[in-house]
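Colleague: What follows is a single structure, and I will ask about it in a moment.
2 protein chains.
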Amino acid sequence: MELTDYTDYLPFWKQLTPIQQQQIQKETTFRQAPKGTLLYGGLEECLGLILIRSGQLRAFLLSQDGREITLYRLLDRDVCLFSASCILHSIQFDITIEAEKDTEFWLIPPGLYKKITEESAAAANYTNELMSSRFSEVMWLMEQIMWKSFDKRLAEFLLSECDLEGSSLLAVTHEKIANHLGTAREVVTRMLRYFQSEGFVKLSRGTVEVTDSKSLKKLTET
Amino acid sequence: MELTDYTDYLPFWKQLTPIQQQQIQKETTFRQAPKGTLLYGGLEECLGLILIRSGQLRAFLLSQDGREITLYRLLDRDVCLFSASCILHSIQFDITIEAEKDTEFWLIPPGLYKKITEESAAAANYTNELMSSRFSEVMWLMEQIMWKSFDKRLAEFLLSECDLEGSSLLAVTHEKIANHLGTAREVVTRMLRYFQSEGFVKLSRGTVEVTDSKSLKKLTET
Numbered sequence: 001m002e003l004t005d006y007t008d009y010l011p012f013w014k015q016l017t018p019i020q021q022q023q024i025q026k027e028t029t030f031r032q033a034p035k036g037t038l039l040y041g042g043l044e045e046c047l048g049l050i051l052i053r054s055g056q057l058r059a060f061l062l063s064q065d066g067r068e069i070t071l072y073r074l075l076d077r078d079v080c081l082f083s084a085s086c087i088l089h090s091i092q093f094d095i096t097i098e099a100e101k102d103t104e105f106w107l108i109p110p111g112l113y114k115k116i117t118e119e120s121a122a123a124a125n126y127t128n129e130l131m132s133s134r135f136s137e138v139m140w141l142m143e144q145i146m147w148k149s150f151d152k153r154l155a156e157f158l159l160s161e162c163d164l165e166g167s168s169l170l171a172v173t174h175e176k177i178a179n180h181l182g183t184a185r186e187v188v189t190r191m192l193r194y195f196q197s198e199g200f201v202k203l204s205r206g207t208v209e210v211t212d213s214k215s216l217k218k219l220t221e222t
Numbered sequence: 001m002e003l004t005d006y007t008d009y010l011p012f013w014k015q016l017t018p019i020q021q022q023q024i025q026k027e028t029t030f031r032q033a034p035k036g037t038l039l040y041g042g043l044e045e046c047l048g049l050i051l052i053r054s055g056q057l058r059a060f061l062l063s064q065d066g067r068e069i070t071l072y073r074l075l076d077r078d079v080c081l082f083s084a085s086c087i088l089h090s091i092q093f094d095i096t097i098e099a100e101k102d103t104e105f106w107l108i109p110p111g112l113y114k115k116i117t118e119e120s121a122a123a124a125n126y127t128n129e130l131m132s133s134r135f136s137e138v139m140w141l142m143e144q145i146m147w148k149s150f151d152k153r154l155a156e157f158l159l160s161e162c163d164l165e166g167s168s169l170l171a172v173t174h175e176k177i178a179n180h181l182g183t184a185r186e187v188v189t190r191m192l193r194y195f196q197s198e199g200f201v202k203l204s205r206g207t208v209e210v211t212d213s214k215s216l217k218k219l220t221e222t
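In the order they appear, the protein sequences are chains A and B. Under UniProt numbering, the first sequence has 17 at position 17, and the numbering climbs by one with no breaks. Under UniProt numbering, the second sequence has 211 at position 211, and the numbering climbs by one with no breaks.
As structure tokens, then:
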């Protein structure tokens, strides 16, 4: 699968020299990662800049004792910078990136991307904007954690999952929700049962069905 | 007060053209901010790149109902990027920056710094590294909040304050500590009293004296 229009992903494409463009075209590879693939983090090597054709990636923090918190998601047409975080010396945290759905993407090797950003101010500034976007998402999350009560965070999570899936029936375990929100399974179960008693959701084994998204939405706004 | 050696602050200085260097020299101004000055955030306009000569700045998040959490501190010789965050379109969070001690700094106007990063890949990459550093600090904080119990966070805070102040006697109220750590005053008071009963600290009106830093240190490591 060849990438035909680089400007879709790299807005600085036309500001590169023909030689730089050729280098990128030559070294870009197409990859497929089935759902569940660990793309980055832990013992995986520095992957490079990921240009997502289709699918869904999840970036998360992983604690020493195996707890998780989802930082952000990347979807079709998004560019993943932290899979190339080895090129940024000052990044001193470990992020984990997994394919949350079957994902197809193009990969620009880290060494080449580093070289291009060193040569091209436009590429370097684009990298800046990418990082600013992710930074903003993490700051939003931080505010949620610090200042939003858990009922609101859970309601927001369920609504955004419904949006992502295009369905009100979510195939997700309480354990998985707990990992997303960085809390314990029991906390999630208790709140989901409360939501069920209020008629907001319907719980079955391995699924959560949102039955009253209006009320959930209202909850997030109070 | 004229800045004589820009390379101390801007490692890309020698990669700039003579014209770019002259522009920066011409537009850099010296400023003084007494302790307590709000430098950035809220209704303040976009300030620019701050090069700290001496003093201490605190960057924090402020919630709608006035709660705070300290993100990071900047000290002598540090460069503050987020006081120029208006030049990064993708930054979508509001950070507040105040002088926590009397602070002297040089200021490069945001428009000029933006122009320089657009022209110079070295300057743009330096901006990237600056942002990576701050991002790393925020991620560290996130992990602290998510996964460290409050006794450890408080112990770490007290020890790092002693380091910053060069003294084991801290003139700080419980309210202020609560703001730093994003929690309620009562939570801080309760834990400080526990620390006092263990002989780690001695409390007086408006001060906390660390009397057993070894045990506090041990606490942070368990």
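Just so you know, even glycine gets a beta-carbon here, dropped at the ideal spot from N, CA and C.
For the beta strand (DSSP E) containing A:Phe130, list its first residue and its last residue.
Modeller: The residue you call residue 130 of chain A lines up with position 130 of the first sequence. It is Leu, not Phe, that sits at residue 130 of chain A in the sequence shown. Element bounds for A:Leu130: not the beta strand (DSSP E) but the alpha helix (DSSP H), Ala121 to Trp147.
Colleague: Measuring straight from C-alpha to C-alpha, what distance separates B:Glu98 and B:Asn179?
Modeller: What you label residue 98 of chain B is simply residue 98 of the second sequence in a count that begins at 1. What you label residue 179 of chain B is simply residue 179 of the second sequence in a count that begins at 1. Looking at the two C-alpha atoms, the distance is approximately 14 Å.
Colleague: For B:Ile116, does the three-state DSSP call read helix, strand or coil?
Modeller: In the second sequence, counting from the first residue as 1, residue 116 of chain B sits at position 116. Three-state DSSP puts B:Ile116 in a helix.
Colleague: Would you say B:His89 faces chain A, with C-beta separation under 8 Å as the test?
Modeller: Along the second sequence, one-based indexing puts residue 89 of chain B at 89. Output row for B:His89: interface = yes.
Colleague: Whose C-alpha, out of B:Ile116, B:Ser63, B:His89 and B:Thr29, is nearest the C-alpha of B:Thr96?
Modeller: Here residue 96 of chain B refers to the residue found at position 96 when the second sequence is read from its first residue. Closest by alpha carbon: B:Ser63.
Colleague: Can you tell me whether A:Met1 is buried or exposed, with buried defined as 16 or more other CB within 10 angstroms of its CB?
Modeller: Here residue 1 of chain A refers to the residue found at position 1 when the first sequence is read from its first residue. Answer is exposed; the Cβ neighbour count stays below 16.
Colleague: So the candidates are B:Thr183, B:Asp151 and B:Ser133; which of them puts its Cα closest to the Cα of B:Gln196?
Modeller: One-based indexing of the second sequence puts residue 196 of chain B at position 196. Here the closest residue by C-alpha is B:Asp151.
Colleague: Which partner residues of A:Glu209 appear in the DSSP bridge assignment?
Modeller: Residue 209 of chain A sits at position 209 when you count from the first residue of the first sequence. A:Glu209 is bridged to A:Leu169 and A:Lys202.
Colleague: Just verifying my parser: in three-state terms, what is the DSSP assignment at A:Tyr9?
Modeller: As a working note, residue 9 of chain A is residue 9 in the first sequence. In the structure shown, A:Tyr9 sits in coil (DSSP, three-state: anything other than H, G, I, E or B).
Colleague: Could you please tell me which residues of the region 166 to 179 of chain B, in chain order, have their CB closer than 9 Å to any CB of chain A?
Modeller: Listed in sequence order: no entries.
Colleague: Assuming B:Ser197 is part of the alpha helix (DSSP H), what are its boundary residues?
Modeller: By one-based count along the second sequence, residue 197 of chain B stands at place 197. Arg185 to Ser197 is the extent of the alpha helix (DSSP H) around B:Ser197.
Colleague: Taking Cβ-Cβ distances below 8 Å as the criterion, which residues of the region 136 to 161 of chain B are in contact with chain A?
Modeller: Ser136, Val138, Met139, Trp140, Leu141, Met142, Glu143, Ile145, Met146 and Trp147
Colleague: Counting only Cβ-Cβ distances shorter than 7 Å, please list the residues of the region 65 to 99 of chain A near chain B, keeping chain order.
Modeller: Only Arg67, Ile69, Leu88, His89, Ser90, Ile91, Gln92 and Phe93 from the region 65 to 99 of chain A bring a Cβ to less than 7 Å from some Cβ of chain B.
Colleague: Where does the unbroken alpha helix (DSSP H) through B:Ile19 begin, and where does it stop?
Modeller: In the second sequence, counting from the first residue as 1, residue 19 of chain B sits at position 19. Per DSSP, B:Ile19 belongs to the alpha helix (DSSP H) from Pro18 to Glu27.
Colleague: Of all the CB atoms in chain B, is at least one closer than 8 Å to the CB of A:Met1?
Modeller: Counting from 1 along the first sequence, the entry for residue 1 of chain A is found at position 1. With 8 Å as the cut-off, A:Met1 does not count as an interface residue toward chain B.
Colleague: Is there contact between the region 67 to 78 of chain B and the region 110 to 121 of chain B, where contact requires at least three CB pairs shorter than 8 Å?
Modeller: Segments in contact, no.
Colleague: Spell out the partners DSSP gives A:Phe30 in its beta bridges.
Modeller: In the first sequence, residue 30 of chain A corresponds to position 30, counting from 1. In the DSSP output, where bridge partners are listed per residue, A:Phe30 has A:Trp106.
Colleague: Determine the extent of the beta strand (DSSP E) in which A:Glu98 is found, giving its start and end residues.
Modeller: As a first step, residue 98 of chain A is located in the first sequence; it is residue number 98 there, counting from the start. From DSSP, the beta strand (DSSP E) with A:Glu98 extends over Thr96 to Ala99.
Colleague: Our contact map puts B:Trp13 next to A:Phe93 with C-beta atoms below 8 Å; I'd like the distance itself, whole angstroms only.
Modeller: For the purposes of this step, residue 13 of chain B is taken as the residue at position 13 of the second sequence. For the purposes of this step, residue 93 of chain A is taken as the residue at position 93 of the first sequence. So it is not a contact: roughly 29 Å between Cβ atoms.
Colleague: Taking C-beta to C-beta, are A:Leu158 and A:Val79 nearer than 8 Å?
Modeller: What you label residue 158 of chain A is simply residue 158 of the first sequence in a count that begins at 1. What you label residue 79 of chain A is simply residue 79 of the first sequence in a count that begins at 1. With contacts defined by Cβ atoms closer than 8 Å, A:Leu158 and A:Val79 do not form a contacting pair.
Colleague: Report yes or no: is there a C-beta of chain B within less than 8 Å of the C-beta of A:Met131?
Modeller: For this step, residue 131 of chain A is matched to residue 131 along the first sequence. True, the Cβ-Cβ gap to chain B drops below 8 Å.
Colleague: So which residues of chain A does B:Ala121 contact, with C-beta pairs closer than 8 Å?
Modeller: What you label residue 121 of chain B is simply residue 121 of the second sequence in a count that begins at 1. Simply Thr117, Glu118, Glu119, Ser120, Ala121, Ala123 and Ala124.
Colleague: DSSP state of B:Glu68, grouped into three classes?
Modeller: As a first step, residue 68 of chain B is located in the second sequence; it is residue number 68 there, counting from the start. The answer is strand: DSSP assigns B:Glu68 an E or B state.
Colleague: Could you check which residue in B:Glu100, B:Phe135, B:Leu75 and B:Asp65 has the C-alpha nearest to that of B:Arg53?
Modeller: By 1-based counting over the second sequence, the position of residue 53 of chain B is 53. The shortest C-alpha to C-alpha distance from B:Arg53 to any of B:Glu100, B:Phe135, B:Leu75 and B:Asp65 is the one to B:Leu75.
Colleague: Quick one: any contact between the region 208 to 215 of chain B and the region 160 to 172 of chain B, if contact means 3 or more CB pairs under 8 Å?
Modeller: Between the region 208 to 215 of chain B and the region 160 to 172 of chain B there are three or more inter-stretch CB-CB distances shorter than 8 Å, so the stretches are counted as touching.
Colleague: Return the Cβ separation of B:Leu51 and B:Tyr9 in integer angstroms, given the expectation that the two are a contact with Cβ distance under 8 Å.
Modeller: The residue given as residue 51 of chain B occupies position 51 in the second sequence. The residue given as residue 9 of chain B occupies position 9 in the second sequence. Between B:Tyr9 and B:Leu51 the Cβ distance is about 4 Å, and since that is below 8 Å, they are a contact.
Colleague: Less than 8 Å between the beta carbons of B:Gln20 and B:Ile108, yes or no?
Modeller: Position 20 of the second sequence, counting from 1, holds the residue named residue 20 of chain B. Position 108 of the second sequence, counting from 1, holds the residue named residue 108 of chain B. Result no, Cβ atoms of B:Gln20 and B:Ile108 do not sit closer than 8 Å.
Colleague: What are the boundary residues of the alpha helix (DSSP H) that includes A:Ala84?
Modeller: In the first sequence, the residue the question calls residue 84 of chain A occupies position 84. Where A:Ala84 is concerned, there is no enclosing alpha helix (DSSP H), because DSSP gives it neither an H nor an E.
Colleague: 8 Å is my cut-off, CB to CB: does B:Leu61 come that close to chain A?
Modeller: The residue labelled residue 61 of chain B in the question sits at position 61 within the second sequence. Yes, B:Leu61 counts as interfacial toward chain A.
Colleague: Along chain B, which residues have their Cβ under 7 Å away from the Cβ of A:Gly182?
Modeller: Taking the first sequence and counting its residues from 1, one reaches residue 182 of chain A at position 182. The answer, in chain order, is Met146.
Colleague: Considering only C-alpha positions, which residue in the set B:Leu38, B:Leu47 and B:Gly166 is nearest to B:Arg58?
Modeller: In the second sequence, the residue the question calls residue 58 of chain B occupies position 58. Measuring from the Cα of B:Arg58, the nearest candidate turns out to be B:Leu38.
Colleague: Step through the CB atoms of chain A and report whether any lies within less than 8 Å of the CB of B:Thr127.
Modeller: Locating residue 127 of chain B in the second sequence gives position 127, where the first residue counts as 1. So yes, B:Thr127 belongs to the interface.
Colleague: What does a CB cutoff of less than 7 Å around B:Arg185 pick up in its chain, not counting 5 residues either side in sequence?
Modeller: Taking the first residue of the second sequence as position 1, residue 185 of chain B is located at position 185. Closer than 7 Å at Cβ, skipping near neighbours: His174, Glu175 and Ala178.
Colleague: What are the boundary residues of the alpha helix (DSSP H) that includes A:Ile91?
Modeller: The residue you call residue 91 of chain A lines up with position 91 of the first sequence. Here A:Ile91 belongs to no alpha helix (DSSP H), and DSSP marks it neither H nor E.
Colleague: When DSSP labels each residue in this structure, what does A:Leu57 get in the three-state scheme?
Modeller: Taking the first residue of the first sequence as position 1, residue 57 of chain A is located at position 57. Three-state DSSP puts A:Leu57 in a strand.
Colleague: Any idea if B:Gln221 is buried or exposed, counting beta-carbon neighbours within 10 angstroms, 16 or more meaning buried?
Modeller: Locating residue 221 of chain B in the second sequence gives position 221, counting from the first residue. The displayed chain sequence assigns Glu, not Gln, to residue 221 of chain B. The residue in question, B:Glu221, is exposed, as its Cβ has fewer than 16 Cβ neighbours within 10 Å.
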